[in-house]
Amino acid sequence: MYDLKIGVIESLESILANGTKRLDKIGVKQIQLNCWNADICTPENAQKVKELLGDRVTISGVWGGWNVGPTEWNFTMGPYTIGIVPEEWREARIACLKKEADFCKMLGVDNMTTHVGFMPEIPNSKEYNSFLDAVSEVADYCNKLNIKFCFETGEETPIAVLRCIDDLNARGYHNIGINLDPANLLMYGKGNPQDAVDIFGKYIVGVHVKDGLYPTNGNELGHETKVGHGRVDFECIISKLHALNYNGPLTIEREISGEEQERDIIDTIAYLQNILKKF
28 MYDLKIGVIE
38 SLESILANGT
48 KRLDKIGVKQ
58 IQLNCWNADI
68 CTPENAQKVK
78 ELLGDRVTIS
88 GVWGGWNVGP
98 TEWNFTMGPY
108 TIGIVPEEWR
118 EARIACLKKE
128 ADFCKMLGVD
138 NMTTHVGFMP
148 EIPNSKEYNS
158 FLDAVSEVAD
168 YCNKLNIKFC
178 FETGEETPIA
188 VLRCIDDLNA
198 RGYHNIGINL
208 DPANLLMYGK
218 GNPQDAVDIF
228 GKYIVGVHVK
238 DGLYPTNGNE
248 LGHETKVGHG
258 RVDFECIISK
268 LHALNYNGPL
278 TIEREISGEE
288 QERDIIDTIA
298 YLQNILKKF
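Mind the numbering: the sequence shown is residues 28 to 306 in our numbering, read in order.
So this is what it looks like as structure tokens:
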């Protein structure tokens, strides 16, 4: 059996308010901690999270967002509002990511993931070089904390991500990783998730178990689905991860709420366990 830990994304707010109540209900013992509000990433809350989780639940990584400026998850306004690509919000969002990197350190977690945004595709363009400087600033800050800075796949083509990592490596930053979200590659129409594993290879640090469909118009992302009901071939992806000796987490992300979300997560755990038994 391929022994990978299965977990879920859980918000910092939920942990602070409810502890492990929801996690106990769905039966998971590992989370990627989702932090969109950098203002609550404080030493006091880091200590509270440690006390609430105890030795029952581990944190595989921190997902760092931002609480400044608008964010629209579509093809029309997304390029102007997501991540650290938009220059209007760049400085403030870099400050958020630095706070969240500090929070990682407080928690004893060694990686932080974010959506950097619709990465410029043209090498050495003014837009790309400016973006690369911004990413380098975050990478440098994380590097000094001995933390990996990970790109979540989505808005970028796989080759653009790989090129950016190559450029960061050339600048001396080797603490860069990828949080593979296979559904995002589909939903943004940026690539085939199975083939993307071959491109990303050794840089994959984490995996989001999420499913979805390709877009059907030029304005809106493809629809997310329950795992096993979309276009992601998880058995193929897990086979490729096995060949890469990947030993990171499988983090379930189901972007709905309530009882249906909990049922889908429980079903997905069983779905993944059946695949992992084959290796």
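A virtual CB, placed ideally from N, CA and C, is assigned to each residue, including glycine.
If you're wondering where the values come from, they're calculated on a predicted model, not measured in any experiment.
PHE176 vs CYS169 beta-carbon contact at 7 Å: It is a contact, given that the beta carbons lie within the stated cut-off.
For GLN221 and ASP30, the rounded distance between their alpha carbons: 20 Å
Identified DSSP bridge partners for CYS177: THR140 and GLY204
Nonlocal neighbours in the same chain, by C-beta distance under 6 Å from TRP90, ignoring five residues either side: GLN59, ASN61 and THR140
Contact under 7 Å by Cβ, VAL254 with ASP238: The criterion of a C-beta distance shorter than 7 Å is satisfied by VAL254 and ASP238.
Buried versus exposed, by CB contacts within 10 Å (16 or more), ALA197: exposed
Meets three-Cβ-pair contact criterion under 8 Å: the segment 62–75 and the segment 115–134: yes
Contiguous beta strand (DSSP E) assignments of at least 3 residues, all confined to the segment 49–132: Runs found: 57–62 and 85–91.
THR278, enclosing beta strand (DSSP E) - first and last residue: 277–279
GLY81 to GLU183 span [Cα, whole Å]: 37 Å
For ASN219, the nearest candidate out of PRO185, GLY199 and ASN101 (CA to CA): PRO185
Cβ-Cβ distance between LEU50 and VAL84 below 7 Å: yes
Beta-carbon gap between GLY275 and VAL232 smaller than 7 Å: yes
Reduced DSSP secondary structure (H/G/I, E/B, other) of THR47: Coil.
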